[in-house]
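Count along the sequence shown starting at 1, add 19, and that's the number in our numbering. Contents: one structure, followed by commentary.
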Amino acid sequence: MNFKRIQMIFLAIFIAMDVLLFLSYNRNSVGDSTASGNNNILEEMRKDQITFSKPTTDKHEGYYFSGNNGDALRQSATNLQQQDLHFSGSELVSEFKKPVKLTDGSAKQILDKIVANPGLIAKGKQYEYSKQLSNNNEIIYVQRVAKKPIYSHFCQIRFDLDSQHRVIGYSQNYLGGVKFLKEASKTISEERALTWLYQYNEIPNGAKVSWVHLAYTRLLTARGQYVFLPTWVFAVKINNSSSVILKRVNAYTGEVIKTGDNNQTSNANSEIFTLT
20 MNFKRIQMIF LAIFIAMDVL LFLSYNRNSV GDSTASGNNN ILEEMRKDQI TFSKPTTDKH
80 EGYYFSGNNG DALRQSATNL QQQDLHFSGS ELVSEFKKPV KLTDGSAKQI LDKIVANPGL
140 IAKGKQYEYS KQLSNNNEII YVQRVAKKPI YSHFCQIRFD LDSQHRVIGY SQNYLGGVKF
200 LKEASKTISE ERALTWLYQY NEIPNGAKVS WVHLAYTRLL TARGQYVFLP TWVFAVKINN
260 SSSVILKRVN AYTGEVIKTG DNNQTSNANS EIFTLT
């Protein structure tokens, strides 16, 4: 099946989904800003002791696009130096011959230089540091497409840290063969996405929305191609927990994107953080 036919199939699916979701939202009170108003909903959230920063009302543009974890990374890896590496499927796994010491306050600057060096990281200039996804044990760089980050384990660099806060190696996945499946379209605002997430009962009382980003995440996989769309990603902390649960809202329709077996859960941590 050629790409043009695949593209037409995807477009038909997306158009059908958008129409059905639009009709659904117009039949239900969920997201009906004319009925209650976003400001009233935000006030309800505060009364439920939900903590969040004031959401923006700006709209953006984004694309549907596809890509795959093909051979592009393997081909570029032949030029890498100062490391021992191997591939696990399409994932590059590397150990530096000499660990890289990170000093307080300069970790990003040090790793930015490493990532930009084609002798150390393949295709590194297509990635950027993600403060939100990184933690004390792992520093994550995410690939960018169309000037926005992709939040998916299919296109990340994950630097491993030891107890001395040294980078001992990394794993990398790269999204190649990117094809835009639809012209740029306007997204809903952060404010609308947040209120819909609340109205879908995805933010419990007493929770804290730690951060929110507009990023691309995976919608589906078809014939070895991953399909991505603009997504509002919310990091939700429940009952003062130190861990976060990532929730995804389709930035075109406002639908809460589900993952896991039979798309039963709205917890997107495994989709974004860890290979499954």
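Using N, Cα and C, we set each Cβ at its ideal position, and we do this for glycine too.
Item, Value
"Would the beta-carbon of A234 fall within 8 Å of that of K166?", "no"
"In this structure, how does DSSP classify K132 when only helix, strand and coil are distinguished?", "helix"
"Any idea what DSSP makes of N58, helix, strand or coil?", "helix"
"Using the Cβ count rule (16 or more neighbours within 10 Å means buried), how would you classify S48?", "For S48, the predicted model reports a pLDDT of 46, less than 50, meaning its position is unreliable; a value from the coordinates is still stated below. When all chains shown are included, S48 counts as exposed."
"According to DSSP, simplified to helix, strand and coil, what is E157?", "strand"
"Can you check which of these residues, W230, F173, Q128 and Y83, is closest to T75 by C-alpha distance?", "W230"
"Would the beta-carbon of Y83 fall within 8 Å of that of L200?", "yes"
"Roughly how many angstroms separate the alpha carbons of N102 and D179, rounded to a whole number?", "Checking the sequence, you will find Gln at residue 102 rather than Asn. Spanning the two alpha carbons is a distance of roughly 14 Å."
"Counting only the same chain and skipping the five closest in sequence on each side, list residues whose C-beta sits under 6 Å from that of S95.", "A141 and K142"
"Could you pull the start and end residues of the alpha helix (DSSP H) that A141 belongs to?", "Run containing A141: none; DSSP gives neither H nor E here."
"Where does R185 sit, in a helix, a strand or coil, going by DSSP?", "strand"
"Let me know if K277 comes out buried or exposed under the rule of 16 or more other beta-carbons within 10 Å of its beta-carbon.", "exposed"
"Three-state secondary structure (DSSP) at Y148?", "strand"
"Can you tell me the Cα-Cα spacing of N288 and I264, whole angstroms?", "6 Å"
"Give the secondary structure of I207 by DSSP, where H, G and I count as helix, E and B as strand, and everything else as coil.", "coil"
"Tell me the DSSP secondary structure of A254 in three-state form.", "strand"
"Would you mind reading off the limits of the beta strand (DSSP E) that contains N192?", "Taken as a continuous stretch (DSSP letters only), N192 belongs to no beta strand (DSSP E), as it is neither H nor E."
"Looking at the unbroken beta strand (DSSP E) that takes in S85, where does it start and where does it end?", "F84 to N87"
"Using three-state DSSP, classify Q162 as helix, strand or coil.", "strand"
"Distance, Cα to Cα, G50 vs D67?", "The pLDDT assigned to G50 is 44, lower than 50, so where the model puts this residue is not dependable; a value taken from the coordinates is nonetheless given after this. One C-alpha to the other measures close to 18 Å."
"Which same chain residues end up closer than 7 Å to Y160 when comparing Cβ atoms and leaving out the 5 residues on each side of it in sequence?", "V134, Y146, E147, Y148, S149, Q175 and I176"
"If you draw a straight line from the C-alpha of L248 to the C-alpha of H105, how long is it?", "31 Å"
"Tell me which residue opens and which closes the alpha helix (DSSP H) that L91 is part of.", "The amino acid occupying residue 91 in the given sequence is Ala; Leu does not appear at that position. It spans A91 to S95 - the alpha helix (DSSP H) in which A91 sits, taken as one unbroken run."
"Using C-beta distances below 7 Å, list every residue in its chain close to Y189, excluding the 5 sequence neighbours before and after it, in chain order.", "S113, I176, R177, F178 and D179"
"Measuring alpha carbon to alpha carbon, tell me which residue in V186, Y271, N154 and E80 is nearest F115.", "V186"
"Please report the straight-line C-alpha distance between L152 and S109, rounded to a whole angstrom.", "22 Å"
"Going by the beta-carbon positions, is the gap between G86 and Y271 smaller than 8 Å?", "no"
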